[in-house]
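Enquirer: The numbering of the sequence shown is this note's numbering, which starts it at -9 and goes up by one. In this text, a Cβ means the ideal position worked out from N, Cα and C, and glycines have one as well.
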Amino acid sequence: MSMYDPQEWERYLNIVAGGIYSSVVFAMTVTGLQIFMSFYGLYLFLESPKEARKGRLPYVLVSFAILGCSLISSTMDASTTFKLLYQHPSAEPRSLLQILGEIEHGPVRITSGVFFALMILAGDAVLVRYLPLHPRTLSLPNPILTPNSPPHAATELYRTIVRIKLSINPSAPMHDFAHIVNAVYLVFTVSCNVLTTVLIAYRLLRAHRQLSAALPNRDMRVYKSIVGILVQSAAPLAVSGLAYAVTEVILVALRNIGPEHLPLYNRVLIASWVLGRLYDASAALAPQMIIFLVTSGRSGTKREEITAPASRSHAFSQPLRFNNGPAQDSFMTSNVMSSNGDGYGSSEKKSEGSDVEIGKEKTNHDSGLSEALKDV
């Protein structure tokens, strides 16, 4: 280690120690946010009327499954940090790195990685469940990018085998290859999310355009609200994941060049720690955010707009016109009313009938996001 500049070497050790500590703090913060979203979503689900609960129970179960995997993974990571601080409080720099290597590839960290992979799988399943492709065309992207695809599963399996082998023999020359495998795994995971999000957004926008042309008097903004939710949830995961994969490859390249690149290596290492934590947070919070908006009935609709009393301004005055519902109405609840005689008949009865239909639409719209995704 005498080949390295002492100041840069000390800075490297500080970066490693600070990264380990910040990872635990960040993971616990993200877990706390998930606990709030999961339990508050459950509370709103139980408080909702029976009609508004339709189609939301699977989302609640998936939310708690993601929370459980994330909680177990972050707790195990915290236990390894505690073990390092408690059992080796005054370790020398060289022995500290050796201890870190043993802990990183130990059984606790491997188990933590397995639960983190299960969390990623559950989050991807939220999107893949609604992959808007015909069964024939589903076979095109499925063998390549989806979580249950052979390349994706093989990459995750091989990454676990590498970590187990390093736990048995920490001096094995596989550390660099482990970083490359991790980068490939990140590319597969992020590509799955990006592809699925783009396909769903395309199908929703196409349905929005077609229905807007067929029903010009209907408000179809629920589709754009869904697209906005998906893009906002997937964008941070895609950006941080791809950037994290790039930094992993750069670290391998710099490590094999020589000690003169240690300052640059330290800067890339800091970026890798930051992007890695952002990726972990996005992987946990992106599906939780989608589920939270579904279970809480906040898919682009304000609560006062749902519970507001019906207005007689929505009464029909022309024959064979589609019901012009409230501002945030969903297309699934549209009804066609035929005319009475020359189309004008008794305005009092038509106004009362319109109020009843609008009241039903307002009650059922709270589950607009889940039903829209299922119809698409």
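1) Quick one: grab the DSSP three-state call for S69.
2) For N256 versus E(-2), is the C-beta spacing smaller than 9 Å?
3) Using 8 Å for Cβ pairs, my map puts I62 next to L74. What's the rounded Cβ distance?
4) So, helix, strand or coil for R43, using DSSP?
5) What's the C-alpha gap between V264 and S286?
6) Quick check: the segment 33 to 47 against the segment 264 to 279, are at least 3 beta-carbon pairs closer than 8 Å?
7) If A235 sits next to A173, beta carbons under 8 Å apart, how far is it from one beta carbon to the other, in whole angstroms?
8) Rounded C-beta distance between D67 and A7? I'm assuming under 8 Å.
9) Measuring straight from C-alpha to C-alpha, what distance separates T21 and L57?
10) Taking buried to mean at least 16 other C-beta atoms within 10 Å of its own C-beta, is V326 buried or exposed?
11) Have a look at A225 and F106 and give me their C-alpha separation to the nearest angstrom.
12) Over the uninterrupted alpha helix (DSSP H) stretch that includes P206, give me the two end residues.
13) By the 10 Å Cβ neighbour count, where 16 or more other Cβ atoms means buried, how is E342 classified, buried or exposed?
14) Note down the Cα distance separating V177 from L111, rounded to an integer number of angstroms.
15) Since T237 contacts A274 with CB under 8 Å, what's their CB separation in whole angstroms?
16) Counting along the chain, where does the alpha helix (DSSP H) carrying D270 start and finish?
17) Is the separation between the beta-carbon of L185 and that of I280 shorter than 9 Å?
18) Between which two residues does the alpha helix (DSSP H) carrying G22 extend?
19) Residues in its own chain within less than 8 Å of V258 by CB, not counting five upstream and five downstream?
20) Please state whether DSSP places G96 in a helix, a strand or coil.
21) Less than 8 Å between the CB atoms is what I'm expecting for V98 and S64, so what's the real figure, rounded?
22) Shortest alpha-carbon distance to Y2 belongs to which of G266, L252, L108, T187?
23) With 16 other CB atoms within 10 Å as the buried threshold, where does A203 fall?
24) Going straight from the alpha carbon of I5 to that of S181, what length do you get?
25) For T367 and S215, what's the separation of their Cα atoms in angstroms?
26) With a 10 Å radius around its C-beta and 16 neighbouring C-beta atoms as the bar for buried, classify Q200 as buried or exposed.
27) Do you know how far the Cα of L195 is from the Cα of E92?
28) Compare the Cα-Cα distances from D114 to each of T71, L254, S53, I170 and report the closest residue.
29) Taking Y192 as the reference, which of N207, P277, G218 has the closest Cα?
30) Buried or exposed for Y49, going by 16 or more other Cβ atoms inside 10 Å?
31) To the nearest angstrom, report how far apart L47 and V171 are at their CA atoms.
32) Keeping to the same chain, check which residues put their C-beta closer than 6 Å to that of G231; ignore five residues upstream and five downstream.
33) In whole angstroms, give me the CA-to-CA distance for D10 and Q24.
34) Does S222 pass the burial test, meaning 16 or more other C-beta atoms within 10 Å, or should it be called exposed?
Expert: The short version:
1) The residue labelled residue 69 in the question sits at position 79 within the sequence shown. Three-state result, S69: helix.
2) The residue you call residue 256 lines up with position 266 of the sequence shown. The residue you call residue -2 lines up with position 8 of the sequence shown. Yes, these two residues count as a Cβ contact at 9 Å.
3) Sequence index remark: in the sequence shown, residue 62 carries index 72 (1-based). Sequence index remark: in the sequence shown, residue 74 carries index 84 (1-based). At roughly 19 Å, the Cβ-Cβ gap does not stay under 8 Å, so I62 and L74 are not in contact.
4) Residue mapping note: residue 43 aligns to position 53 of the sequence shown, counting from 1. Note: R43 maps to helix in three-state DSSP.
5) The sequence position of residue 264 within the sequence shown is 274, counting from 1. The sequence position of residue 286 within the sequence shown is 296, counting from 1. Roughly 31 Å between the two C-alpha positions.
6) no
7) Sequence index remark: in the sequence shown, residue 235 carries index 245 (1-based). Sequence index remark: in the sequence shown, residue 173 carries index 183 (1-based). 4 Å between Cβ atoms; contact.
8) Numbered from its first residue, the sequence shown carries residue 67 at position 77. Numbered from its first residue, the sequence shown carries residue 7 at position 17. D67 to A7, Cβ: 15 Å. No contact.
9) Along the sequence shown, read from residue 1 onward, the residue named residue 21 stands at position 31. Along the sequence shown, read from residue 1 onward, the residue named residue 57 stands at position 67. Computed Cα separation, rounded: 7 Å.
10) On the sequence shown, residue 326 is found 336 positions in, with the first residue counted as 1. Confidence is the limiting factor: at V326 the pLDDT is only 38, short of 50, which leaves the residue's position unreliable and the question unanswerable from this model.
11) Looking up residue 225 in the sequence shown gives position 235. Looking up residue 106 in the sequence shown gives position 116. Approximately 20 Å between the Cα atoms of the pair.
12) For the purposes of this step, residue 206 is taken as residue 216 along the sequence shown, with counting starting at 1. Unbroken run through P206: none, as it is neither H nor E.
13) Indexing the sequence shown from 1 puts residue 342 at position 352. Here E342 scores only 43 on pLDDT, less than 50, and its place in the model should not be relied on; the value that follows carries that caveat. It counts as exposed.
14) As a working mapping, residue 177 is identified with position 187 in the sequence shown. As a working mapping, residue 111 is identified with position 121 in the sequence shown. Distance between the alpha carbons of V177 and L111: 14 Å.
15) The residue labelled residue 237 in the question sits at position 247 within the sequence shown. The residue labelled residue 274 in the question sits at position 284 within the sequence shown. Contact doesn't hold; Cβ gap of about 20 Å is too wide.
16) If you number the sequence shown from 1, residue 270 lands on position 280. Run containing D270: 252 to 285, per the alpha helix (DSSP H) assignment.
17) Your numbering for residue 185 matches position 195 in the sequence shown. Your numbering for residue 280 matches position 290 in the sequence shown. In this structure, I280 does not lie closer than 9 Å to L185 by Cβ.
18) Within the sequence shown, residue 22 is the residue found at index 32, counting from 1. Looking at the DSSP string, the run of the alpha helix (DSSP H) that includes G22 is -4 to 37.
19) Against the sequence shown, residue 258 aligns to sequence position 268. Cβ within range, chain order: T237, I240, L241, L244.
20) Here residue 96 refers to the residue found at position 106 of the sequence shown. Of the three classes helix, strand and coil, the one that applies to G96 here is coil, per DSSP.
21) Within the sequence shown, the letter at position 108 stands for residue 98. Within the sequence shown, the letter at position 74 stands for residue 64. Not really, about 12 Å apart at Cβ, beyond 8 Å.
22) Here residue 2 is taken as the residue at index 12 of the sequence shown, counted from 1. Closest by alpha carbon: L252.
23) Within the sequence shown, the letter at position 213 stands for residue 203. Answer is exposed; the Cβ neighbour count stays below 16.
24) For the purposes of this step, residue 5 is taken as the residue at position 15 of the sequence shown. For the purposes of this step, residue 181 is taken as the residue at position 191 of the sequence shown. Roughly 30 Å separates the two Cα atoms.
25) Residue 367 lies beyond the residue range present for the chain, which begins at -9 and ends at 366; the question has no answer from this structure.
26) Position 210 of the sequence shown, counting from 1, holds the residue named residue 200. Flag for Q200 reads exposed.
27) For the purposes of this step, residue 92 is identified with residue 102 of the sequence shown, where counting begins at 1. For the purposes of this step, residue 195 is identified with residue 205 of the sequence shown, where counting begins at 1. Looking at the two C-alpha atoms, the distance is approximately 50 Å.
28) Start at 1 with the first residue of the sequence shown, and residue 114 comes out as number 124. Checked all of T71, L254, S53, I170; the closest Cα to D114 is S53.
29) On the sequence shown, position 202 is the one that residue 192 refers to. Among N207, P277, G218, the Cα nearest to that of Y192 belongs to G218.
30) Taking the first residue of the sequence shown as 1, we reach residue 49 at position 59. Label assigned to Y49: buried.
31) Position 57 of the sequence shown, counted from the start, is the residue given in the question as residue 47. Position 181 of the sequence shown, counted from the start, is the residue given in the question as residue 171. Their Cα atoms are separated by approximately 37 Å.
32) For the purposes of this step, residue 231 is taken as the residue at position 241 of the sequence shown. Once the five neighbours on either side are set aside, the close Cβ partners of G231 are L176, V180, Y269.
33) Stepping through the sequence shown from its first residue, residue 10 is reached at position 20. Stepping through the sequence shown from its first residue, residue 24 is reached at position 34. The residue you asked about is not Asp; residue 10 is Ile in the sequence shown. Rounded to the nearest angstrom, the two C-alpha atoms are 21 Å apart.
34) Here residue 222 is taken as the residue at index 232 of the sequence shown, counted from 1. Before going on, a small fix: residue 222 reads as Gln here, not Ser. Under this definition Q222 is an exposed residue.
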